[in-house]
Amino acid sequence: MKRRRTTGLIVLASILFVGSLARGRDILQSGMPWQSRSIQPDTRQSVLRRDDAVSYCFDAKAAILLTSGHDGLPGRGGEDDNLNGIIDDRSEMGAVPSDDRCLSPADPGYSGAADRDETMVISRGTYVRCDSAERILTHDGWWIGE
33 MKRRRTTGLI VLASILFVGS LARGRDILQS GMPWQSRSIQ PDTRQSVLRR
83 DDAVSYCFDA KAAILLTSGH DGLPGRGGED DNLNGIIDDR SEMGAVPSDD
133 RCLSPADPGY SGAADRDETM VISRGTYVRC DSAERILTHD GWWIGE
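Just so you know, we're using the working numbering here: the sequence shown kicks off at 33 and counts up by one.
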C-alpha cells in the first residue's frame, strides 16, 4: 500500500517537472526579449492634443453632492431606511443599498442634481474644469502631472 502511494507521488512529480521544462522551453523559443525597455510617460502637451482631453484643477469650495438615483426617492424607494417612521424622507439619502448617487463636478448629471431639492452637499473640495492642467481626464482615465 505504501509502495503504491510513493510510486504515485513520484509519477505525479515527474509529470509536473516535465511540464515545467516544456513550458520553460516554449517561453524561451517564443522570441520574447528579456531586456528591459524604458517607457516614456505621456506629456501634458501630448495628452492635451487629444480630442477627448478635459483639464481639471482642484477647487476647495466645489461641492460633492449626494442625490437620489433613478427612482427619484431618497434611500431605498418605499422603505423606511432609517426606521424613524417616515418612508422616503430626505434623511434616508444614501442608505445602503440604494440607487442614490454621490456626484462631483466631473460626473455626468451633476448640474441637474444640484438643482433638485433633495440633493445634499456632503463635502467640499474636488476637481473642476479649468484652463490649466493639474489633471486631465480622457476616455482612458486620468492623466496626473509630472
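The C-beta atom is built at its ideal place from N, Cα and C for all residues, glycine as well.
Going by Cα to Cα distance, which pick from the options is closest to residue i?
i	options	result
residue 97	145, 58, 115 and 168	145
residue 90	159, 131, 125 and 41	159
residue 171	83, 77, 141 and 47	83
residue 126	101, 147, 156 and 143	101
residue 155	99, 140 and 122	99
Would the beta-carbon of residue i fall within 8 angstroms of that of residue j?
i	j	result
residue 80	residue 138	no
residue 104	residue 130	no
residue 134	residue 88	no
In angstroms, rounded to a whole number, what distance separates the CA positions of residue i and residue j?
i	j	result
residue 93	residue 132	23 angstroms
residue 176	residue 51	44 angstroms
residue 62	residue 54	12 angstroms
residue 153	residue 95	6 angstroms
residue 115	residue 168	43 angstroms
residue 123	residue 111	12 angstroms
residue 136	residue 142	7 angstroms
residue 147	residue 59	59 angstroms
residue 140	residue 76	24 angstroms
residue 86	residue 78	13 angstroms
Decide if residue i is buried, meaning its Cβ has at least 16 other Cβ atoms within 10 Å, or exposed.
i	result
residue 39	exposed
residue 74	exposed
residue 120	buried
residue 113	buried
Considering residue i, what are the terminal residues of the beta strand (DSSP E) in which it resides?
i	result
residue 2	What is shown of the chain runs 33 to 178, which leaves residue 2 out entirely.
residue 95	86-99
residue 173	173-176
residue 141	First-last for residue 141: undefined, no H or E at that position.
residue 128	Counting along the chain, residue 128 falls outside any beta strand (DSSP E), and DSSP gives it neither H nor E.
residue 168	167-170
Return yes when at least one heavy atom of the ligand COA lies under 7 angstroms from the C-beta of residue i, else no.
i	result
residue 151	As for the ligand COA, it is missing from this structure, which has no ligand bound.
I'd like the span of the alpha helix (DSSP H) that includes residue i, first residue to last.
i	result
residue 80	76-80
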